[in-house]
Each structure stands twice: as structure tokens, then as C-alpha cells.
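Chemist: Residue numbers (UniProt numbering), protein chains in the order written: chain A, 1 to 148; chain B, 1 to 148. Please see the structure below; I have some questions.
2 protein chains.
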Amino acid sequence: MENKRELFQVLTRRFGLLNKNCCSVGTVDISLVQSHILYEIDKQITPSMQQIAETIAMDITTFSRQIQTLIKMDLVKKTPSAADKRVYLLSLTVQGKFVATTIDVSMNEYLEEVFSHMNEFEKETVIRSIKLLNQAMSKSSVCCTPLI
Amino acid sequence: MENKRELFQVLTRRFGLLNKNCCSVGTVDISLVQSHILYEIDKQITPSMQQIAETIAMDITTFSRQIQTLIKMDLVKKTPSAADKRVYLLSLTVQGKFVATTIDVSMNEYLEEVFSHMNEFEKETVIRSIKLLNQAMSKSSVCCTPLI
DNA sequence: ATATATTACTTGCAAAATACAATTAATGAG
DNA sequence: CTCATTAATTGTATTTTGCAAGTAATATAT
Chain A
1 MENKRELFQV LTRRFGLLNK NCCSVGTVDI SLVQSHILYE IDKQITPSMQ QIAETIAMDI
61 TTFSRQIQTL IKMDLVKKTP SAADKRVYLL SLTVQGKFVA TTIDVSMNEY LEEVFSHMNE
121 FEKETVIRSI KLLNQAMSKS SVCCTPLI
Chain B
1 MENKRELFQV LTRRFGLLNK NCCSVGTVDI SLVQSHILYE IDKQITPSMQ QIAETIAMDI
61 TTFSRQIQTL IKMDLVKKTP SAADKRVYLL SLTVQGKFVA TTIDVSMNEY LEEVFSHMNE
121 FEKETVIRSI KLLNQAMSKS SVCCTPLI
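Below, the structure is given as C-alpha cells:
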């Protein structure tokens, strides 16, 4: 049988490496987590702080400070919710949108390049496999209880 | 067409989450990077500091300090190389080996559980796909130059 | 062989990231 | 109206990080 962990370890390390080095856009330099935050704000529709923090599994206090930094960098905007005054809705500024988009384009370009080493059939198989994996993982129950 | 980045982002986030929460073995609590370090020391044969640091793409100074911590925790051993006195060879202590093995077993159990949601054919397809991906990524050249 | 460069690793900082506890303010439930 | 809950922030302390500068050993060049 295969050592599945080995395969995943290598895969995620490579992908992590990619992410890591790809976060400077022009004069703007952001960290990996910050790029994840931008990505999620861009993806969700007027999310609250809690929502994003939960999605990327980040402690809310750390997240709060990261958002403060991103606001100072003029990449993120925080708007008080009309419906619930405790809540702040997050959105990207024009510059934030630009940064997020640039990173996204470049990531997809990189992935295209990776996939260019495969034939059409392999490409489709791989894509379908990742979808399968994502589904299987979301179904899984045994996640992350402390060992022993 | 697919949004490949989206697929990868979800996949690696899930896998990262898994890794994150699965690093306490008995009374020993280690961080994600520390578990990666143990994993690589276990895998390679008497590696040097440089070798491991490079494999997991970690700054050597940060790595040096992490090793100091792991030695204090009695998980890692540092032996001066006879061939080159600048070099230290890394190995796991008995306890370190136990921790690494326990984490590995549990990770593979989790992955088995994930794969249990697929049929035999899907399993094989997915495994083959990840191998393909890893190969393609290692072939790729366009990694990680700063954008714009 | 001897000076010089390179390599492996360590320490001195200073900045950034993290998370627990406690706080403020707003909302919901009884 | 009161009390519990929720969203978000701040206080504080720890950990992680990485550049710059250092030490010691090896390799290279003259």
C-alpha cells in the first residue's frame, strides 16, 4: 500500500511554498495568512469578522489584529452592520481587490504551468480527484481529536 | 474551466487543519512545524541541520532555535559529524521516535477514514493523481518569483 | 603553505504572530 | 427588566520569525 501521508505532506508543502513566496504585489508585501484573509473576503459576500476567522480557522483575537494591519495598509475596509451593531462587515478596498486579484491570477498561472506537464486526460483526472478528496474530507468525522 | 486555485486552497486548508490539531501525544505538545521537523528527521538518514531546514524551506536560524527546543524536550539528538566538524547530524530520541510514529499512525488513520468514503476505483485514481501532481510540481520552473 | 573565501551553525536583536483572559457593547431569552 | 450570549477589541505574555553579525571549520587560490 501507499504511504498516503507522505504523498499529502509533499503536496501541501509544495503548495505552501508556492503561496509563501507569491505575496508581494508591486510595493505591497503581505504575509501568507494575510493573503488567505484577502482571498476569503474577496470570495464571500460582505462577511463578518467571525465568518472569515472561522473559515480560515484563526483565533478571533489574532484575526482582529490582522484586520487592523490590513486596514492600515489600505487593503481592507470595515463597515458597521446596520442589522447588528456588534458586527462589522469586511470588504476589500480598490487596492485590496487589486492585490487579491493579482495573487489569484498568478497562482492560477502557476497551476496552469504545473498542469501543462500533463496530458488532457491526466489533467481532468487530477481535477476530478481533488474534488473527490475535498468531498471526502468534508464528510469525514475523525478530524483532529488529540491523540492517545 | 475550473478554478484550480480554489480547489487547492480548500484541499490544503483542510489538510493543514488536520495537521494543526493533531500534534499532542500524551503529555507532549508540539507545534505544526515541530511535527514537520520530526517527520523529516525520521525519514532521512542522519541528516544535517541544513538538509532538514532546506527540505522544509525554513530559515536556518529559526530552524536552529527550533532544534534547541526539541532537544530540550528530549525529542531530538544532535551529534557532531566525524567527517566535517562544522556539521551536526540529527536523529530522534526514543521518545522523539515514539511521538513521530504516533503522529504518523494517526495521520494515516485519518487519511484512511477519508478514503473510506470512496470506492476502490476512486481511491486508486486519487492516489495516482496526487502522484502525478507531485511529479508535475517538481518539474515546474515558474515557482515563486515576486509578482509584477 | 598561507591567505581568502565559503560553508555550517549559533546568537543578538527587533519585529511580527499567536492566544488566553478580561473588557466593552449590543442583542436575545426568560 | 435582568441575565446570558455574542461580536469584537485590548492587555499581556509567549512564541515564532528572520536579518545581521558572529564563530569555527573546511575548501579554494595563489
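C-beta atoms are modelled at their ideal positions from N, C-alpha and C, and glycine is treated no differently.
CA-CA distance, Q9/B and A82/B?
Modeler: The residue given as residue 9/B occupies position 9 in the second sequence. The residue given as residue 82/B occupies position 82 in the second sequence. C-alpha separation (whole angstroms): 44 Å.
Chemist: Just checking: is the beta-carbon of E122/A within a distance shorter than 8 Å of some beta-carbon in chain B?
Modeler: Locating residue 122/A in the first sequence gives position 122, where the first residue counts as 1. E122/A counts as touching chain B.
Chemist: Could you tell me the alpha carbon to alpha carbon distance between I27/A and N108/B, rounded to whole angstroms?
Modeler: Here residue 27/A corresponds to residue number 27 of the first sequence, with the count starting at 1. Here residue 108/B corresponds to residue number 108 of the second sequence, with the count starting at 1. Per the sequence shown, the amino acid found at residue 27/A is Thr instead of Ile. Cα to Cα, the separation comes out at about 42 Å.
Chemist: Quick test of your reading: N134/A and L7/B, contact by CB under 8 Å. State the CB separation rounded to the nearest angstrom.
Modeler: One-based indexing of the first sequence puts residue 134/A at position 134. One-based indexing of the second sequence puts residue 7/B at position 7. Confirmed, about 7 Å.
Chemist: Flag this pair as yes or no: are the beta carbons of T93/A and V105/A separated by less than 8 Å?
Modeler: Against the first sequence, residue 93/A aligns to sequence position 93. Against the first sequence, residue 105/A aligns to sequence position 105. Not closer than 8 Å, so no.
Chemist: Indicate the three-state DSSP secondary structure (helix, strand or coil) for residue 159/A in the structure shown.
Modeler: Absent from the structure is residue 159/A, since the part of chain A shown begins at 1 and ends at 148.
Chemist: On the criterion of 16 or more Cβ atoms from any shown chain inside 10 Å, does S138/B qualify as buried, or is it exposed?
Modeler: As a working mapping, residue 138/B is identified with position 138 in the second sequence. The residue is exposed, with fewer than 16 neighbouring Cβ atoms inside 10 Å.
Chemist: List the residues of chain A that F63/B touches, going by C-beta distances under 9 Å, in chain order.
Modeler: Here the question's residue 63/B lines up with position 63 in the second sequence. None at all; the shortest Cβ gap to chain A is about 15 Å.
Chemist: May I have the straight-line CA-CA distance separating C144/A from L17/B, to the nearest angstrom?
Modeler: Counting from 1 along the first sequence, the entry for residue 144/A is found at position 144. Counting from 1 along the second sequence, the entry for residue 17/B is found at position 17. Note that C144/A scores 44 on pLDDT, short of 50, meaning its location in the model is unreliable; the coordinates nonetheless yield the value given after this. Cα-Cα distance, rounded: 8 Å.
Chemist: Does E54/B get closer than 8 Å to chain A when you measure Cβ to Cβ?
Modeler: Taking the first residue of the second sequence as position 1, residue 54/B is located at position 54. No, no contact with chain A.
Chemist: Measure from the C-beta of F98/A to each C-beta in chain B and report whether the shortest distance is under 8 Å.
Modeler: To locate residue 98/A, count along the first sequence from 1; it is residue 98. Not one chain B Cβ lies under 8 Å of F98/A.
Chemist: For K79/B, which residues from the same chain have a beta carbon less than 6 Å from its beta carbon, with the 5 sequence-adjacent residues on both sides left out?
Modeler: Indexing the second sequence from 1 puts residue 79/B at position 79. It should be pointed out that residue 79/B corresponds to Thr in this sequence rather than to Lys. The answer, listed in chain order, is L89.
Chemist: So with Cβ pairs under 8 Å, would you call I148/A a contact of chain B?
Modeler: Position 148 of the first sequence, counting from 1, holds the residue named residue 148/A. Because I148/A sits at a pLDDT of 33, beneath the cut-off of 50, its placement in the model cannot be relied upon, and the following sentence gives the value as read from the coordinates. Yes, I148/A counts as interfacial toward chain B.
Chemist: Ends of the alpha helix (DSSP H) at T62/B?
Modeler: Indexing the second sequence from 1 puts residue 62/B at position 62. Segment I60 to K72, the alpha helix (DSSP H) holding T62/B.
Chemist: Starting from T125/B, trace the beta strand (DSSP E) both ways and give me its first and last residue.
Modeler: By one-based count along the second sequence, residue 125/B stands at place 125. Careful: T125/B lies outside any beta strand (DSSP E), inside the alpha helix (DSSP H) at E120 to K139.
Chemist: Would L75/B pass as an interface residue toward chain A - the criterion being a Cβ-Cβ separation below 8 Å?
Modeler: Residue numbering aside, residue 75/B sits at position 75 when the second sequence is read from its first letter. No, L75/B does not count as interfacial toward chain A.
Chemist: So the candidates are V87/B, G96/B, D59/B and T55/B; which of them puts its Cα closest to the Cα of I71/B?
Modeler: Reading the second sequence from its first residue, position 71 is the one you call residue 71/B. Nearest option by C-alpha distance: G96/B.
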